[in-house]
Amino acid sequence: MRKEWGIMKRKCLKASLAAAAALCLAACFTFAAGAEEGNRWDYTTEKDAEGNITIHFSEASVTLPASWSGNCAMSINSDSVDFFHIDSRDLWTQELGYANGGNLFSICYTQTLDYLDLPSFETLGNGADGIYYATTPTDVQGYYDNDQVMAEFTDMSDDVQWVLDNIQINGSSGSTVEISSSSDYILPQSSTEYLDESDLTGMSADQVQMAINEIYARHHRKFVLQDVQAYFDSKSWYDGYVEADEFDTRVMNQYEAANINLMVEYMEKIS
């Protein structure tokens, strides 16, 4: 448990706020105050006719099953919100002497693509200036020395995928993410979803090549051509430190690899 909690902290880039917020999904659905004013994790809540509770953050909405009422809490950090099983957390904390265990999932926000190297993640969509993604534990977080508590944790764990599938980013579900446009990117979605030829229609071969370079640039590659290097140096998100002859294409995820193949084929078609 000690090792996994450390991993989860690194996963979500957790630099906890001095006044981190926590809430309990109690039967009466009363909530503690959220993060400080202006934070992306400020929230409001609503309950539907079936008793499901939806938490609306500034750019994301999370719906939790009615059965989680009184059994789940969340803690808010600067770049993540963690959802955990209360009884498992309490019992592990009593046993270990510090807050630990019970983790169900976390919603995280980042301005880099480092999360693509994590063992368990799901991209949710783009915010105004970064990416939302979810992580889930890679080991059992329930308190397994108490059968009743463990059974409750298992039931909640079985609901996690439903919760993730129904997360809304900027009004879109996780399964059909609408990527926000940004002048900083040629193709903002090229690292998080599969493109098709319609996404490239109207682009010149040079523009498509630069879109391929954009994928490389997201993985910190530097460029030999001075005009290409200057272009990416002008982007606030770019941090180039890998020399071109040392760049390893295996760092790319499945979306990026497929999209590069598509773009190469499109360039050949229009040339």
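As numbered in mature numbering (1 follows the signal peptide of the UniProt record, and there is no 0), residues -32 to -1, 1 to 239 make up the sequence shown, in order. Even glycine gets a Cβ: it sits at the ideal position worked out from N, Cα and C.
Asked                                                                                                                                                                    : Found
Could you compute how far the alpha carbon of M235 sits from the alpha carbon of E214?                                                                                   : 25 Å
My output table needs one value for M220: the three-state DSSP class, helix, strand or coil.                                                                             : coil
Do N227 and I183 have their CB atoms nearer than 8 Å?                                                                                                                    : yes
Let's see if you can read the secondary structure: which residues bound the beta strand (DSSP E) around T31?                                                             : A28 to L32
Put D50 into one of helix, strand or coil per three-state DSSP.                                                                                                          : strand
Just the C-alpha distance for H53 and D127, rounded to the nearest angstrom, thanks.                                                                                     : 12 Å
List the DSSP bridge partners of H188.                                                                                                                                   : According to DSSP, H188 bridges with nothing at all.
How about Y101 and L92: do their beta carbons lie closer than 8 Å?                                                                                                       : yes
Which value, in whole angstroms, describes the spacing of the CA atoms of A119 and A179?                                                                                 : 49 Å
Where K15 and H24 are concerned, what is the direct C-alpha to C-alpha distance, given to the nearest angstrom?                                                          : 11 Å
DSSP on V131, reduced to helix/strand/coil?                                                                                                                              : helix
When we look at the beta-carbon of G19 and count the other beta-carbons within 10 Å, is it buried (16 or more) or exposed?                                               : exposed
Please list the terminal residues of the continuous beta strand (DSSP E) segment that includes F89.                                                                      : F89 to N94
Check whether the Cβ atoms of N114 and L59 lie closer than 8 Å to each other.                                                                                            : yes
Please name the residue or residues paired with S74 in a DSSP beta bridge.                                                                                               : D50 and T103
Looking only at its chain, what residues have a beta carbon closer than 7 Å to the beta carbon of V176, apart from the 5 residues adjacent to it on each side?           : L168, M231, Y234 and M235
Excluding the 5 residues preceding and the 5 following S239 in the sequence, name in chain order all residues of the same chain whose CB lies nearer than 8 Å to its CB. : A173
Which residue marks the beginning of the alpha helix (DSSP H) containing A198, and which one marks its end?                                                              : Q194 to D201
Assign A173 to one of three DSSP states: helix, strand, or coil.                                                                                                         : helix
Could you tell me which of Y77, T103 and G38 sits nearest to D133, measuring between CA atoms?                                                                           : T103
Is the separation between the beta-carbon of M124 and that of N181 shorter than 8 Å?                                                                                     : no
Using the Cα positions of A(-6) and F51, report the straight-line distance between them to the nearest angstrom.                                                         : Because the pLDDT of A(-6) is 36, which lies under 50, any placement of that residue in the model is unreliable, and the number read from its coordinates should be weighed accordingly. Each residue's Cα considered, the two are about 17 Å apart.
Could you tell me which residues DSSP pairs with K237 in its beta bridges?                                                                                               : BP columns for K237 are empty, so no partner.
Rounded to whole angstroms, what's the CA-CA distance from L81 to T122? Just pull it up for me.                                                                          : 31 Å
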